[in-house]
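If you count the sequence shown from 1, position 316 lands on 348 in my numbering, and the numbers rise without skipping. A quick write-up on the structure given underneath.
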Amino acid sequence: MPAIVLDLQKIHDPNDAVHRTVQALAEGKVVALPTETVYGLAVSGLCPEAVERLSQHKARQSDRPLAIAVKSVDDALDYVPNMSPLGRRLARRCWPGPLTIVYPEIGPDSIVTQLPKSVQHRVSPDGSLGIRVPAHPFFGQVLRFCRGPVVLTSANVTGHPEPVTAAEVLAALGQNLDMVVDDGPCRFGQPSTVMRIDGDHCTILREGVIARKTLKRMGNFNLLLVCTGNTCRSPMAECLMKEALAREYQCKVDQLAERGIMVASAGVAAHEGSRASREAVAIMAERQLDLSLHESQQVSESLVQSADLILTMTHSHKHALLSYFPQAAVRTHVLSGGAEDVADPIGGSTEVYRECAEQMQGYIEAWARQIQLHLPQGLEDQA
Numbered sequence: 033m034p035a036i037v038l039d040l041q042k043i044h045d046p047n048d049a050v051h052r053t054v055q056a057l058a059e060g061k062v063v064a065l066p067t068e069t070v071y072g073l074a075v076s077g078l079c080p081e082a083v084e085r086l087s088q089h090k091a092r093q094s095d096r097p098l099a100i101a102v103k104s105v106d107d108a109l110d111y112v113p114n115m116s117p118l119g120r121r122l123a124r125r126c127w128p129g130p131l132t133i134v135y136p137e138i139g140p141d142s143i144v145t146q147l148p149k150s151v152q153h154r155v156s157p158d159g160s161l162g163i164r165v166p167a168h169p170f171f172g173q174v175l176r177f178c179r180g181p182v183v184l185t186s187a188n189v190t191g192h193p194e195p196v197t198a199a200e201v202l203a204a205l206g207q208n209l210d211m212v213v214d215d216g217p218c219r220f221g222q223p224s225t226v227m228r229i230d231g232d233h234c235t236i237l238r239e240g241v242i243a244r245k246t247l248k249r250m251g252n253f254n255l256l257l258v259c260t261g262n263t264c265r266s267p268m269a270e271c272l273m274k275e276a277l278a279r280e281y282q283c284k285v286d287q288l289a290e291r292g293i294m295v296a297s298a299g300v301a302a303h304e305g306s307r308a309s310r311e312a313v314a315i316m317a318e319r320q321l322d323l324s325l326h327e328s329q330q331v332s333e334s335l336v337q338s339a340d341l342i343l344t345m346t347h348s349h350k351h352a353l354l355s356y357f358p359q360a361a362v363r364t365h366v367l368s369g370g371a372e373d374v375a376d377p378i379g380g381s382t383e384v385y386r387e388c389a390e391q392m393q394g395y396i397e398a399w400a401r402q403i404q405l406h407l408p409q410g411l412e413d414q415a
């Protein structure tokens with residue numbers, strides 16, 4: 033019996049298409065779905081028979097694991113609760129998106145252990161697990177309503193080209209599928225990049241949409257310092273932190289990026305492009321630190337999303353930031369680490385600014401000593 037084809041370009045009710053797809057997966061059907069990379073074959077991870085059919089259609093050896101698709105980074109943490117800082121960093125910055133991450137050890141608390149035994153063997157035969165959060169909007173809606181994970185693989189027979197249109201899927205596997213969701217050509221038209229992350233070491237297993245150079249940049253440790261206007265306290269803190277980290281890692285300040293460390297500052301009420309205050313520039317110059325080219329920036333979703341650690345000058349700054357970005361709570365701390373706020377020197381004399389810098393110096397040196405910078409040891413290609 034030929035597969036049912038849902039053409040998203042012609043269907044009148046997208047919600048009905050989502051419902052029908054979710055229902056098909058729940059019933060153990062094999063469904064071809066569009067992603068931003070190539071078309072994929074999807075089945076419910078709660079249906080062992082569907083997972084076996086999927087493997088048969090792929091002509092996949094039993095020791096070659098299938099990946100799972102989940103709807104968010106938070107869901108991924110249920111499957112890999114011991115995810116390393118580097119793994120969390122890349123997941124947070126790349127998902128949803130064209131990256132499949134293979135985690136070598138899921139741990140005994142992973143909910144993979146609650147899946148049927150035969151499914152566990154297909155997705156994690158050696159204790160590792162590949163996870164993807166697709167960026168295709170329709171697939172994302174389907175995942176929102178699915179119970180359990182979706183087992184996902186490209187919609188081709190192993191060794192054959194990956195299909196980028198529904199027509200190619202039908203030509204290759206049409207007689208074996210229950211449903212094909214057609215959303216025209218895939219956006220990227222090439223497979224996702226596959227990366228294995230083992231602690232703080234990462235290896236590219238297959239280079240796809242996301243290039244090696246981009247992944248290396250996304251693996252950087254990003255530190256964000258926050259005050260009000262980003263013209264005095266946080267810019268000075270940025271300079272002092274760079275100096276402290278360079279001293280800690282025995283390199284020059286301009287070599288921190290090569291070490292995978294990025295430091296920036298922003299304000300919760302900043303006027304974009306404003307210069308640092310004259311007094312702040314002068315106090316940093318006393319320390320041979322250049323703040324003359326600083327331009328203020330407003331705290332933004334992208335800055336917060338990419339930050340691994342956020343240090344605010346005061347408790348009110350922390351409160352203001354988290355009122356807009358509550359998801360950053362676990363990564364956000366007051367610079368002092370306690371009850372004390374860094375006093376605002378704005379409008380004060382050069383001596384007031386000097387005292388402010390000295391107050392921050394001690395806190396910054398303490399952070400530089402204790403921050404565990406889980407940096408990648410290098411990005412390798414699989415031999």
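Using N, Cα and C, we set each Cβ at its ideal position, and we do this for glycine too.
- DSSP, reduced to helix, strand and coil, places VAL63 within a strand of the structure shown.
- Following the DSSP letters along the chain, one finds ILE315 inside the alpha helix (DSSP H) bounded by residues 310-318.
- In this structure, the alpha-carbon of GLU397 lies about 11 Å from that of GLU390.
- Every beta strand (DSSP E) stretch that sits fully inside the stretch 267-336 and reaches 3 residues is listed by chain position as 293-299.
- Taking all protein chains shown into account, VAL362 has fewer than 16 neighbouring C-beta atoms within 10 Å of its C-beta and is therefore exposed.
- With the rule of 3 Cβ pairs closer than 8 Å, the stretch 80-91 does not count as touching the stretch 194-204.
- Taking the CA atoms as reference points, CYS283 sits about 39 Å from GLY159.
- Nearest to GLY370 by C-alpha distance, out of MET392, GLY379 and ASP376, is MET392.
- Segment contact: the stretch 237-253 against the stretch 349-361, fewer than three CB-CB distances shorter than 8 Å; contact not assigned.
- Shortest Cα-Cα distance from ALA375 to any of GLU280, ILE403, ASN114 and MET268 involves MET268.
- Cβ neighbours of CYS218 within its own chain (closer than 7 Å, five residues either side excluded): PRO66, THR67, GLU68, THR69, VAL70, TYR71 and VAL196.
- Rounded to whole angstroms, the Cβ separation of ALA74 and ILE163 is 14 Å, and the two are not in contact under 8 Å.
- PRO358 counts as exposed, since fewer than 16 other C-beta atoms from the protein chains shown sit within 10 angstroms of its C-beta.
- THR346 sits in coil when the DSSP states are folded into three classes, being neither helix nor strand.
- Under DSSP, VAL54 shares a beta bridge with no residue.
- As computed with DSSP, ALA101 is found in a beta bridge with ARG164 and VAL182.
- Pairing TYR111 with ALA123, the inter-Cα distance amounts to about 13 Å.
- Here MET273 is actually not in contact with ILE36; their C-beta atoms are around 58 Å apart, not less than 8 Å.
- Secondary structure of CYS126 (DSSP, three-state): helix.
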